[in-house]
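Trainee: Under the UniProt record's numbering, the residues of the sequence shown are numbered 1 to 346, in order.
Starting off with a structure, shown below.
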Amino acid sequence: MPLMPKDAKIVHLTETLAVGPNLPMVIIAEGGLTNWGELSLAKKQVDAAMAAGCDVVKFQAQTTEALVSETVSPQWYRRLKYKELSYDDLRELREYCAIRNIEFLVTAHTEIDLDFLDKDLNVPFFKVGSGESVNEDFLANVGSRGKPVIISVGMHKSLGEICHSVAVLEEAGCRDIVVLHCSTVYPTPPSINYLRNIEELRHVLSYPVGYSDHTVGLHAAIAARAMGAMVLEKHLSFNKRDKRSLDCPGSATPEEWYDLVEQIREVEAMLSLDAEARREAVEHARTWARQSIVAAFGIKKGQKIKRSDVALKRPGTGLPPHVLDSVVGSVAHRSYREGEYIELPQ
């Protein structure tokens, strides 16, 4: 017998935004590093996410000195440093998101940034990136702060490792957790994306499961929704060929984001069932697409009807095919012209 998904709890991220079964997918546009640390471009990302119908737009707080060892990797340090959004930028973006009526989210990559998000911005929930998802000290710190946590698990190699990270959050006191399947490969090749992990996580966790997408195109994100993902995160950029960030190839442009959100909402409609509406639609379809019993040739009144005397043809407003046995062998109570609907014997 196949395993059935566990009943996931509903996690309330804010007063108006919740994740869980039978709720619309929470869609997060990841501003990431593709604003290059420019506040004006970050605001354009907010505008694009809002226009596309996303629920959340996410940025990153990274104090590069605390994140990367300049001694060990000066090139990586320089690659990240100029892309920082300042704390003042993030404060302004929070206010801008409120004006644009879209939820504001920031990933903290260091404990310094986590303190800023919690104590200064007072964010209602946290997002842990894959890089910090295997850092037990950081997870315990996040989990101890009494707020919901979304965690990407792109650095985990097994379900056991994922469950361990979740357990660290739980042991720190967190009980509102959302786990995002992810692969920390930019862009992620289809051969290693393994969307079935969404189903496997739903079998072992009692928390909502989602998907952080780094693949090229939109199809993986749409497939993830069909497989039960309750959250989607994908990068938003204005030039997918820009070489300054690994985020760009697997991102979506503003125009693509509009299509993605629309198609996800259409998939959600396909996954639900309005039984009465479907029944009415099928009944209407039967009036033109189903066949009816008609006279294959002229039939005289009193003639015993043989199978060869009748045919099955559209439209479907006459006798349906399933009563054919009641017609064949009966006596025609009137004459019929070729192609005319046959009536049941009286």
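Each residue gets a CB set at the ideal place from its N, CA and C atoms; glycine is no exception.
Would you kindly work out how many angstroms separate the C-alpha atoms of Glu276 and Arg265, rounded to a whole number?
Mentor: Their backbone Cα atoms lie some 20 Å apart in a straight line.
Trainee: Would you report the Cα separation of Thr14 and Gln291, rounded to the nearest angstrom?
Mentor: Answer to the nearest angstrom: the Cα atoms are 54 Å apart.
Trainee: Hey, how far is the Cα of Lys119 from the Cα of Ile112?
Mentor: Their backbone Cα atoms lie some 11 Å apart in a straight line.
Trainee: State the start and end residues of the unbroken alpha helix (DSSP H) segment that holds Val267.
Mentor: Element bounds for Val267: 254-271.
Trainee: Less than 7 Å separating the beta-carbons of Leu85 and Asp247?
Mentor: Cβ distance not < 7 Å, so Leu85 and Asp247 don't count as in contact.
Trainee: Using the C-alpha atoms, what's the distance from Ile99 back to Glu136?
Mentor: One C-alpha to the other measures close to 36 Å.
Trainee: Going by DSSP, name the residue or residues bridged to Ile150.
Mentor: Paired residue(s): Lys127, Val178.
Trainee: Do Glu233 and Ser212 come within 7 Å of each other at the CB atom, strictly closer than that value?
Mentor: Going by C-beta atoms, Ser212 is nearer than 7 Å to Glu233.
Trainee: Less than 8 Å between C-beta atoms, sequence neighbours within five positions excluded: which residues of the same chain meet that for Gly143?
Mentor: So the list reads Val149, Val168, Leu169, Glu170, Glu171, Ala172, Gly173, Cys174, once near-sequence residues are dropped.
Trainee: Below 8 Å CB to CB, which residues in the same chain sit around Ser327 once its five sequence neighbours on both sides are set aside?
Mentor: Note that residue 327 is Val in the sequence shown, not Ser. Counting only Cβ-Cβ distances below 8 Å, and skipping sequence neighbours, we find Ile293, Ile305, Val310, Leu319, Ile342, Leu344, Pro345.
Trainee: Is Ile342 helix, strand or coil when you go by DSSP?
Mentor: In this structure, Ile342 counts as coil in the three-state DSSP scheme.
Trainee: What does the alpha-carbon distance come out to for the pair Trp257 and Arg225?
Mentor: Going from the Cα of Trp257 to the Cα of Arg225 covers about 15 Å.
Trainee: Going by C-alpha distance, which of Asn239, Asn35, Val185, Gly250 is nearest Val216?
Mentor: The shortest C-alpha separation from Val216 is found at Gly250.
Trainee: Which of the three DSSP states, helix, strand or coil, is assigned to residue 347?
Mentor: An answer regarding residue 347 cannot be provided, because it is not within the stretch 1 to 346 covered by the chain.
Trainee: Locate the beta strand (DSSP E) running through Val56, then write down its first and last residues.
Mentor: Unbroken beta strand (DSSP E) run through Val56: 56-61.
Trainee: Is the separation between the beta-carbon of Pro208 and that of Ala18 shorter than 7 Å?
Mentor: No, these two residues do not count as a Cβ contact at 7 Å.
Trainee: Given a threshold of 16 other Cβ atoms within 10 Å of its Cβ, counted over all protein chains shown, does Gln60 qualify as buried or as exposed?
Mentor: When all chains shown are included, Gln60 counts as buried.
Trainee: Suppose contacts are defined by Cβ-Cβ distances below 7 Å. Is Lys44 in contact with Tyr96 by that definition?
Mentor: No, the pair does not count as a contact, with Cβ atoms beyond the cut-off.
Trainee: Hey, could you find the ends of the alpha helix (DSSP H) His203 is sitting in?
Mentor: From DSSP, the alpha helix (DSSP H) with His203 extends over 196-204.
Trainee: With DSSP as the reference, identify every bridge partner of Leu93, one or two as the case may be.
Mentor: The partner list for Leu93 (beta bridge, DSSP) is empty, contrary to what the question assumes.
Trainee: Kindly indicate which three-state DSSP category Thr107 falls into: helix, strand or coil?
Mentor: Residue state, collapsed to three classes: strand.
Trainee: Quick one: what's got a C-beta closer than 8 Å to Ser308's C-beta in the same chain, skipping five residues either side?
Mentor: Hits under 8 Å: Ala296.
Trainee: Out of curiosity, what's the CA-to-CA distance linking Phe138 and Val166?
Mentor: Roughly 12 Å separates the two Cα atoms.
Trainee: Classify Ala52 as buried or exposed, calling it buried when 16 or more other Cβ atoms lie within 10 Å of its own Cβ.
Mentor: It is buried - the Cβ of Ala52 has at least 16 other Cβ atoms within 10 Å.
Trainee: Look at the Cβ atom of Arg91, then the Cβ atom of Phe104, and state whether they are nearer than 7 Å.
Mentor: Contact flag unset, no.
Trainee: Who are the Cβ neighbours of Leu114 in its own chain at under 6 Å, not counting the five residues just before and after it?
Mentor: Around Leu114: Ala108.
Trainee: Look at Ala29 and Pro254 and say whether their C-beta atoms are less than 7 Å apart.
Mentor: No, these two residues do not count as a Cβ contact at 7 Å.
Trainee: Please report how far the alpha carbon of Glu38 lies from the alpha carbon of Phe116, in whole angstroms.
Mentor: Straight-line Cα distance between these residues: approximately 20 Å.
Trainee: Identify which residue in Asp259, Gly316, Gln303 has its Cα closest to the Cα of Glu283.
Mentor: The candidate whose alpha carbon is nearest that of Glu283 is Gly316.
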